[in-house]
Amino acid sequence: CTYEDTIFPESFRGKQRLLEHLTLCADAFPPTFRFVVDDVSDGGEVLGVRWHVEDKQEPLPFTRGCSFYKLDKDTGLICEGFDEMEPAVYKLGPLSLFARSMKARLTAEPKRWIPTAV
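Each step along the sequence shown adds one to the number in our numbering, with nothing skipped, and position 56 is 138.
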């Protein structure tokens, strides 16, 4: 399978690499984030999905996107994927994930990251 997420400079090829990428993304987001599907256009072996991200059931700015998928005609499994988010000035992929991950960790456990005076 091939998956292209346009906030990253290169495609993800193969099931294992895609699983690693999606796991990294899931771990970087706070547990209150969720992806909401707004529309699905089913064309049989191809389909499109329009979505957005919410935090605590509130839509987040600049998190709308579209995904396009191609299905294997024999198995019905996704063999190609393409995600497009609202535009960003730079391809921030890994840096963006790192920043979101650190923010979530600081929020969840501030005392672990900010030493207390002895």
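Cβ atoms here follow ideal geometry from the backbone N, Cα and C, with glycine treated the same way. Note that this is a predicted model, so its numbers are computed, not measured.
Practice item. Going by CA-CA distance only, name the one from 168, 184, 158 that's closest to residue 89. Key: 168
Practice item. State the Cα-Cα distance for the pair residue 96 and residue 119, rounded to the nearest angstrom. Key: 25 Å
Check your understanding: Based on the DSSP secondary-structure assignment, which residues constitute the bridge partners of residue 166?
Key -> 148
Point to revise | Identity of the residue in 121, 181, 104 nearest residue 146 by Cα | key: 121
Point to revise | C-alpha gap between residue 91 and residue 149, whole angstroms | key: 17 Å
**Study point:** Selected residue, minimal CA-CA separation from residue 140, among 109, 115, 110, 181
**Key:** 115
Practice item. Output the distance between the C-alpha atoms of residue 110 and residue 127, rounded to the nearest integer angstrom. Key: 31 Å
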